[in-house]
Each structure stands twice: as C-alpha cells, then as structure tokens.
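Student: One structure follows; several queries about it will come next.
Chains as they are written, first to last, in the numbering used here: chain A, 5 to 191; chain B, 56 to 453.
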C-alpha cells in the first residue's frame with residue numbers, strides 16, 4: 005500500500021524530489037485529458053505546466069484531501085482556459101477532417117486518431133460555454149464526481165450540478181438533431 | 056445511446072502519455088524542483104558553485120581524458136593540472152559588476168573572488184572576498200548539508216559527464232590577452248528558471264591557455280548565446296595534497312540552505328514596520344514611469360525549509376503584476392525593492408553579496424545591493440537601468 009497523495013505532497017514541502025511521485029501517479033491521466041481537449045503540441049506543453057504549477061503551489065494543496073487528481077484537473081482546466089481558441093480550433097479541425105474524410109471516401113492518414121470523432125458531438129461541444137464544457141468534460145472524461153469537480157473548479161457543488169445538467173441537455177439535443185439530420189439525408 | 060456514452064467514447068484513442076511528452080514534462084518538473092533548491096542552494100551559493108564546478112571540471116580533467124576532439128590538447132590540459140586528491144581553485148566572478156556612487160554616478164568595476172578547496176573526504180571550503188577583504192567562509196561538509204544529495208548529484212554528475220567524454224575542443228581564441236583553446240560540454244536541455252516551459256539548450260564553455268593548458272575562463276552558453284554575467288575568470292586551477300588543517304581551522308559560515316520562502320503577502324507600511332521592528336525605507340510612490348502597486352511582507356527562512364523560523368522583510372513593488380503568473384508575478388518593466396533588517400543567508404546570496412553603505416550600491420546585471428539606514432536592501436528589476444533607478448530612489452528617501 006503506498007502513501008496517499010496528501011502525505012506525498014506534505015513530504016514534498018520538505019523535500020521537493022518527493023513530488024516526482026505525484027508526477028508518476030498522475031501524468032498519464034492528466035496528459036490524456038489534455039490531449040483529448042487540445043492539439044498535441046499544446047497538450048504536451050500544458051501537461052508539463054500542470055505539474056510545474058502544481059509543484060510551485062503545493063503548499064496550497066489541502067492536505068485533508070487524499071487524492072491530488074481533482075486538484076491537478078483544476079490546474080489543467082485553468083491552463084486550458086488560456087487556450088480556449090486552441091481547443092475550439094481543434095474541435096473545428098476534427099469536424100472538418102471528418103467531413104472531408106466522408107466526402108472524399110478516402111481513408112484519413114490519422115485513422116486511429118479520428119476514428120472516435122463524432123462531428124455532431126464536436127459541434128455540440130463548441131456551443132457550450134467554456135465553464136459548462138469544463139464541468140461536462142471533467143465529469144465524462146475525468147471521471148470526477150460533483151464534489152471533486154467542485155474542488156477542481158473551486159465552485160459550489162450546486163453550481164457544478166446545474167452546469168452539468170445544462171451541458172448534458174445541450175449535448176443530448178445536439179446529438180438527437182444530428183441523428184435526425186443524418187436520417188433525413190439518407191432518405 | 057446516452058449522451059454520456061457518446062461523449063465518453065469521443066477521442067478515446069488519442070495517443071496520450073507518450074514517452075516524449077512524458078520526458079519533456081519530467082524535465083520541466085525536475086528543473087522546477089532543482090530551481091526551488093536553487094533558490095536555497097544554487098542561486099544562493101552560485102559563487103561557491105561556480106568554484107565547485109570549475110573544481111570538479113578540473114578534477115575530471117586530472118583523472119583521465121578519454122574524450123574525442125583533440126586529445127593532445129586535452130591530455131596536456133590534464134597533465135598541467137596534475138592528479139592529486141584536492142582541487143584548489145581561485146576564481147573571479149560577477150565580472151561586469153560595478154560599485155556605483157548613487158549621487159555622483161561614478162562607477163568602479165568590482166567582482167567577487169573566491170578561493171576554494173574541494174577535498175572529497177572533507178568537503179568544499181571556499182573563502183569569498185570582495186575588494187581584497189574576505190567577506191565570508193563557506194564550508195560544505197560531506198553528509199552534513201540538508202541538500203547533500205543534491206550536491207553529490209551535482210558534483211558527480213558533472214564529473215561523470217567529463218569522464219564520459221562530454222567535452223570537446225571547439226575553437227581557438229584570446230581571453231584577457233591569453234591565447235586559448237575553447238572546450239565545450241555536450242549540450243544539456245532544460246526549461247527556463249523557475250517554472251518555464253520552453254526548453255533551452257545549455258552548454259558550458261571552458262577556455263584553456265595554449266601556453267600552460269590550464270583553464271583560465273569559463274562561461275555558459277544558452278541557445279547559442281553567451282549568458283550575461285556568466286563569465287568566471289580562473290586564476291588558479293591545480294590539484295594539491297590534502298590539507299586537513301585548512302578545513303579544521305576554518306570558522307565558516309555554513310549555509311544551511313536558508314532562502315526566501317517564496318511568499319510575499321500584501322501588507323501595509325505600518326504592518327511591515329511592526330513586523331520588521333523598524334521603519335522601512337520608502338521611496339516615492341512612482342519611480343520613473345512605474346507606480347508602486349504592491350507592499351508585501353516577505354518571509355526569509357533561517358534554515359533549510361525552516362518555515363517556523365522566518366525572519367520578516369518588506370517588498371515594495373513598482374510596475375504591474377501578472378495575476379495569471381505561476382510563481383513570481385513580476386511583469387516587465389518592474390522594480391522590486393526588498394528590505395531586510397538583518398544580514399542573513401538570503402541577503403548574502405543576492406547580487407555579489409556585498410552591501411555598501413554611504414550612498415553606494417553594487418550593481419550586477421539586474422540586481423543592485425546596498426545598505427541604508429541599517430537596512431539591507433536588494434533591488435531587482437527587469438533591466439539594469441531600472442535596478443539603478445530603484446537604488447537611487449531609495450537613497451533619495453533617506
């Protein structure tokens with residue numbers, strides 16, 4: 005059984021090197037989350053920045069919380085907000101690439117990358133406010149619960165719930181509309 | 056299919072957590088960790104470490120030279136140094152610094168001289184002097200320092216790189232009138248201090264006299280550019296027999312890794328005076344075009360990570376602060392004036408570590424240090440002109 009994140013971070017206040025444990029535990033998760041939201045180069049940069057920022061601010065980590073992941077997601081989310089245009093550009097590029105692929109009938113070069121792209125969903129994500137998108141994606145991709153999202157975003161749980169409900173409704177409506185359009189176009 | 060199911064399936068197969076991204080992130084974090092230790096050790100003891108780096112480089116030269124490039128030059132350099140157990144190095148650093156009379160503007164070139172002995176069994180002893188006067192003696196005993204692991208890594212890492220052939224001859228030149236060969240380390244890669252994300256290429260360059268084959272100068276190159284104020288003049292570099300008496304008789308000031316706590320919490324001048332036990336020096340609300348935007352209480356540690364025993368100073372900041380910055384929120388152009396009522400490890404580590412009184416300041420690159428009305432003052436700025444303007448404004452306030 006290994007020490008919890010809180011005790012590792014507490015140790016890192018005395019001995020910075022201990023913070024490498026936090027990196028080892030959570031880098032892949034955070035990088036994956038960022039990679040799903042942003043272009044590769046930006047995601048790589050921000051993944052590094054999440055951990056250097058976390059290290060710089062580790063004294064502010066609430067040691068009563070055993071898991072550092074919500075805190076790290078919160079830092080990642082703040083960093084993403086400085087790159088909203090990158091995220092939106094990435095979503096648009098996914099839509100365009102998918103449309104092009106379907107239109108041309110050719111296999112895309114990056115088949116693996118694009119295979120899980122749903123253009124309707126990408127478009128729906130674009131319509132959400134950044135705050136609602138953060139909540140939704142932390143819930144769906146970060147697997148955080150209400151409390152954890154509340155910690156990550158430093159928002160009341162009630163706000164998190166209402167944002168999540170609103171975002172889910174928007175996504176649901178967009179997907180239904182997309183499916184109807186697709187059906188109509190196929191006759 | 057529910058919207059969450061669709062959402063969770065979205066972009067599940069992006070390549071993530073790959074080795075390159077991981078390695079870069081790890082390098083950034085390691086640099087940040089080292090940078091923090093640097094705030095206590097590397098930055099604080101840079102004169103000492105400059106000597107140590109030379110010492111270790113020379114030790115590496117002395118042991119063996121299996122390097123590529125020009126073996127005859129490197130072999131002769133090795134022979135010139137000798138192969139005794141203790142390395143003795145005298146260097147001059149802070150070259151380019153000046154003592155400035157803040158009223159008349161008269162400048163005198165100054166530098167720090169340090170003489171060091173590195174004995175693997177006894178540690179590193181360095182005597183630092185300024186304008187011919189010894190100002191402090193530093194001793195790092197093996198195993199006695201909190202940061203010993205770091206020091207060990209630093210020393211042996213450098214030495215190992217030399218042994219591994221990390222240096223090669225790059226060119227010829229002239230340094231201080233002496234014809235030299237330049238040798239350069241293999242590049243290392245790291246992020247900018249303290250929490251940057253841009254990766255930089257760093258190379259250490261050493262000049263070896265063509266006449267004696269001894270090192271005479273070293274400097275650091277980052278991204279192909281020689282770093283300002285990185286030059287170190289090497290007056291002596293030799294290996295000698297152990298001199299235990301030197302270490303036993305020394306009455307050193309042993310740095311414990313003390314440094315700034317990294318915190319500056321907003322306060323008022325009245326609160327700062329109460330905390331410091333004396334009134335701070337307060338220049339006008341505007342220096343040049345910069346307005347004072349911050350009065351902060353700063354904590355200085357008395358020992359390595361000794362958060363419970365902080366000493367209090369005050370920071371007066373002129374210019375705008377970056378609210379989104381991680382780490383230091385300074386946003387150029389700026390002037391930061393830190394005042395402290397006691398001389399301590401933090402104060403000693405700033406600039407050239409010398410605090411002249413009588414309306415004078417030592418200016419090195421973007422840092423000015425001075426003593427006024429019993430306070431030790433460090434002015435750091437986004438450029439040397441502003442650092443000097445900050446120092447002048449302080450003197451005007453006395």
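Here a beta-carbon is modelled for each residue, glycine too, at the ideal position from N, C-alpha and C.
Just by C-beta distance, which residues in the stretch 30-53 of chain A are closer than 7 Å to chain B?
Tutor: Residues passing the 7 Å Cβ filter: 31, 32, 35, 36, 39, 40, 48, 49, 51, 52, 53.
Student: Going by alpha carbons, who is nearest to residue 298 (chain B) out of B:178, B:275, B:340?
Tutor: Here the closest residue by C-alpha is B:178.
Student: Have a look at residue 191 (chain B) and residue 184 (chain B) and give me their C-alpha separation to the nearest angstrom.
Tutor: Whole-angstrom Cα-Cα distance: 7 Å.
Student: The beta strand (DSSP E) spanning residue 154 (chain A) covers which residue range?
Tutor: It is not in any beta strand (DSSP E) - residue 154 (chain A) instead sits in the alpha helix (DSSP H) that spans 150-157.
Student: Secondary structure at residue 196 (chain B), three-state DSSP: helix, strand or coil?
Tutor: Of the three classes helix, strand and coil, the one that applies to residue 196 (chain B) here is coil, per DSSP.
Student: Need the endpoints of the beta strand (DSSP E) that residue 427 (chain B) sits in, please.
Tutor: Looking at the DSSP string, the run of the beta strand (DSSP E) that includes residue 427 (chain B) is 422-427.
Student: Whose C-alpha, out of A:48, A:141, A:167, A:135, is nearest the C-alpha of residue 61 (chain B)?
Tutor: Ranking the options by Cα distance to residue 61 (chain B), first place goes to A:141.
Student: Residue 78 (chain A) versus chain B: which residues are under 9 Å apart at the beta carbon?
Tutor: Chain B residues near residue 78 (chain A): none, gap ~13 Å exceeds 9 Å.
Student: Could you say if the stretch 436-449 of chain B and the stretch 325-339 of chain B meet the contact criterion of at least three C-beta pairs nearer than 8 Å?
Tutor: Counting Cβ pairs under 8 Å, three or more are found: they touch.
Student: Tell me the residue span of the alpha helix (DSSP H) that contains residue 3 (chain A).
Tutor: Not covered by the structure: residue 3 (chain A). The range shown for chain A is 5 to 191.
Student: Note down, in chain order, every chain A residue with its Cβ under 8 Å from the Cβ of residue 84 (chain B).
Tutor: Ordered by position in chain A, the residues that pass the 8 Å Cβ test against residue 84 (chain B) are 23, 24, 27, 52, 55, 56, 59.
Student: With distances taken from CA atoms, which of B:289, B:442, B:234 is nearest residue 146 (chain B)?
Tutor: The shortest Cα separation from residue 146 (chain B) among B:289, B:442, B:234 belongs to B:289.
Student: Any C-beta of chain B sitting closer than 7 Å to the C-beta of residue 20 (chain A)?
Tutor: Yes, residue 20 (chain A) counts as interfacial toward chain B.
Student: Comparing the C-beta of residue 156 (chain A) with each C-beta of chain B, is any distance below 7 Å?
Tutor: Cβ-Cβ to chain B under 7 Å: no for residue 156 (chain A).
Student: In chain order, which alpha helix (DSSP H) runs of at least 4 residues are fully inside the stretch 331-356 of chain B?
Tutor: The qualifying runs do not exist here; there are none.
Student: For residue 162 (chain B), which residues in the same chain have their Cβ closer than 6 Å to its Cβ, ignoring the five residues on either side in sequence?
Tutor: Cβ neighbours of residue 162 (chain B) beyond the five flanking positions: 153, 155.
Student: Using the C-alpha atoms, what's the distance from residue 274 (chain B) back to residue 265 (chain B)?
Tutor: Whole-angstrom Cα-Cα distance: 18 Å.
Student: Please say whether residue 55 (chain A) and residue 329 (chain B) have beta carbons closer to each other than 7 Å?
Tutor: Going by C-beta atoms, residue 329 (chain B) is not nearer than 7 Å to residue 55 (chain A).
Student: How about residue 270 (chain B) and residue 261 (chain B): are their beta carbons less than 7 Å apart?
Tutor: Contact: yes.
Student: Rounded to whole angstroms, how far is the Cβ of residue 87 (chain B) from the Cβ of residue 27 (chain A), which I believe are closer than 8 Å?
Tutor: That pair is no contact at about 10 Å.
Student: May I ask you to list the residues that DSSP assigns as paired with residue 432 (chain B)?
Tutor: Per DSSP, B:394, B:425.
Student: Find the residues of chain B that neighbour residue 144 (chain A), judging by a C-beta separation of less than 7 Å, and give them in chain order.
Tutor: Within chain B, the residues near residue 144 (chain A) are 59, 62, 63.
Student: Does the count of Cβ pairs from the stretch 127-144 of chain A and the stretch 62-71 of chain A closer than 8 Å reach three?
Tutor: As far as the Cβ criterion goes, the stretch 127-144 of chain A does not touch the stretch 62-71 of chain A, which means the pair count is below three.
Student: So, at 7 Å on beta carbons, what are the nonlocal neighbours of residue 15 (chain A) in its own chain, with the 5 sequence-adjacent residues on each side left out?
Tutor: Excluding residues within five positions, the ones whose Cβ falls inside 7 Å are 22.
Student: Check this for me: beta carbons of residue 95 (chain A) and residue 126 (chain A), under 7 Å apart or not?
Tutor: Yes; because the gap between Cβ atoms is below 7 Å, this pair is in contact.
Student: Would residue 421 (chain B) and residue 444 (chain B) be called neighbours here (beta carbons separated by less than 7 Å)?
Tutor: Not in contact: residue 421 (chain B) and residue 444 (chain B) (Cβ atoms no closer than 7 Å).
Student: Quick check on residue 66 (chain B) - is its C-beta less than 7 Å from some C-beta in chain A?
Tutor: Yes, because at least one Cβ of chain A sits closer than 7 Å to the Cβ of residue 66 (chain B).
Student: Our contact map puts residue 368 (chain B) next to residue 395 (chain B) with C-beta atoms below 8 Å; I'd like the distance itself, whole angstroms only.
Tutor: About 4 Å separates the two Cβ atoms, so the contact holds.
Student: Note down, in chain order, every chain A residue with its Cβ under 7 Å from the Cβ of residue 77 (chain B).
Tutor: Here the neighbours are 31.
Student: Between which two residues does the beta strand (DSSP E) containing residue 304 (chain B) stretch?
Tutor: Residue 304 (chain B) -> not in any beta strand (DSSP E); alpha helix (DSSP H) instead, spanning 299-304.
Student: In angstroms with no decimal places, state the Cα-to-Cα distance between residue 240 (chain B) and residue 97 (chain A).
Tutor: Their backbone Cα atoms lie some 43 Å apart in a straight line.
Student: Quick check for students: name the residue ranges of the beta strand (DSSP E) that lie wholly in the stretch 132-191 of chain B, counting only runs of 3 or more.
Tutor: Taking only runs of at least 3 residues, the beta strand (DSSP E) segments lying wholly in the stretch 132-191 of chain B are 141-156, 162-174, 178-185.
Student: At a CB-CB cut-off below 8 Å, which residues of chain B make contact with residue 179 (chain A)?
Tutor: Ordered by position in chain B, the residues that pass the 8 Å Cβ test against residue 179 (chain A) are 58, 61.
Student: State buried or exposed for residue 300 (chain B), treating a residue as buried only when at least 16 other CB atoms are found within 10 Å of its CB.
Tutor: Its Cβ having fewer than 16 others within 10 Å, residue 300 (chain B) is exposed.
Student: Can you confirm whether residue 175 (chain A), when its beta carbon is compared against all beta carbons of chain D, has any partner nearer than 7 Å?
Tutor: In summary, chain D is missing from the structure at hand, where the protein chains are A and B.
Student: Helix, strand or coil for residue 75 (chain A)? Go by DSSP, reduced to three states.
Tutor: It is helical.
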